[in-house]
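**Student:** In our numbering, the protein residues as written are 57 to 214.
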Amino acid sequence: MGFSENLLSEEFPKFLQGPFLKATLTMLPNYAEKEIKIIVPYLIQSDILESILKIPNNIKVKLFTRDGSGYLPNIRKGAQPSLDRLSKLNNLQIYINNNIHAKIWKIDDKFVIVHSMNGTPTSEDINFEAGVISIKQSVISEVELYFNKVETEATRIH
């Protein structure tokens, strides 16, 4: 998938890797009409963080992540500044559970993407990362059930 291609013109499920995965994650919010749900354990200054911060106010966002105490030591200092920036968004609910390790996005009932990319510069630009995006309704329903489970085991902080 090229960076400028329309995601809806693609065949699904679709395997994404490296820069194509990053490009997809940063443009997925543009396809939302009502709601975005995101699970990502590490979210520091990165293109993914910036794309979340640009989500329009009319889109409800639920973010499931870790707080600084659940971060790896080498990136721990980036956790709180990112949470502080995200907390300024009125349309965003933040849930914390330091056992989160999955990386999943759900856009309305249109797309789900399960992938390996954290919201860190190393993950976005250096590591070999990959994921699969699907529009299959049975997969979207199962992912929604998983989000519900994670929400019951997380603490809402915003």
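In this text, a Cβ means the ideal position worked out from N, Cα and C, and glycines have one as well.
Measure the beta-carbon distance from W161 to L84 and round it to whole angstroms, keeping in mind my assumption that it falls under 8 Å.
**Tutor:** Right, the Cβ-Cβ distance comes to about 6 Å (below 8 Å), so this counts as a contact.
**Student:** Quick check on this structure: which residue in E185, Y87, N154, I108 has the alpha carbon closest to the alpha carbon of R132?
**Tutor:** Per the Cα distances, N154.
**Student:** So, is N174 buried or exposed, given that buried needs 16 or more other C-beta atoms within 10 angstroms?
**Tutor:** Answer is buried; the Cβ neighbour count reaches 16.
**Student:** Does the count of Cβ pairs from the region 126–145 and the region 181–194 closer than 8 Å reach three?
**Tutor:** The region 126–145 is not in contact with the region 181–194.
**Student:** Can A210 and F120 be called in contact, C-beta distance under 7 Å?
**Tutor:** Contact flag set, yes.
**Student:** Do E91 and D164 count as a contact pair if the criterion is CB distance below 7 Å?
**Tutor:** In this structure, E91 lies closer than 7 Å to D164 by Cβ.
**Student:** Let me make sure I understand the geometry here. Which of I152, D123, L148 has the alpha-carbon closest to that of Q136?
**Tutor:** Checked all of I152, D123, L148; the closest Cα to Q136 is D123.
**Student:** Count the other CB atoms within 10 Å of the CB of E180; is the residue buried (16 or more) or exposed (fewer)?
**Tutor:** The residue in question, E180, is buried, as its Cβ has 16 or more Cβ neighbours within 10 Å.
**Student:** In this structure, does DSSP put K70 in helix, strand or coil?
**Tutor:** K70: strand per DSSP, three-state reduction.
**Student:** Starting from A135, follow the alpha helix (DSSP H) in both directions and report where the run begins and ends.
**Tutor:** First-last of the alpha helix (DSSP H) with A135: 135–142.
**Student:** Below 8 Å on the Cβ atoms is my guess for F167 versus Y87; work out the distance and round it to an integer in Å.
**Tutor:** The pair is a contact, with the Cβ atoms about 7 Å apart (cut-off 8 Å).
**Student:** Can you give me the C-alpha to C-alpha distance between I191 and Q149, rounded to a whole angstrom?
**Tutor:** Those two C-alpha atoms are separated by around 24 Å.
**Student:** Around the Cβ of P18, are there at least 16 other Cβ atoms within 10 angstroms (buried) or fewer (exposed)?
**Tutor:** For the chain, the structure presents residues 57 to 214; residue 18 sits outside this window and is missing.
**Student:** By the 10 Å Cβ neighbour count, where 16 or more other Cβ atoms means buried, how is K110 classified, buried or exposed?
**Tutor:** Exposed is the call here.
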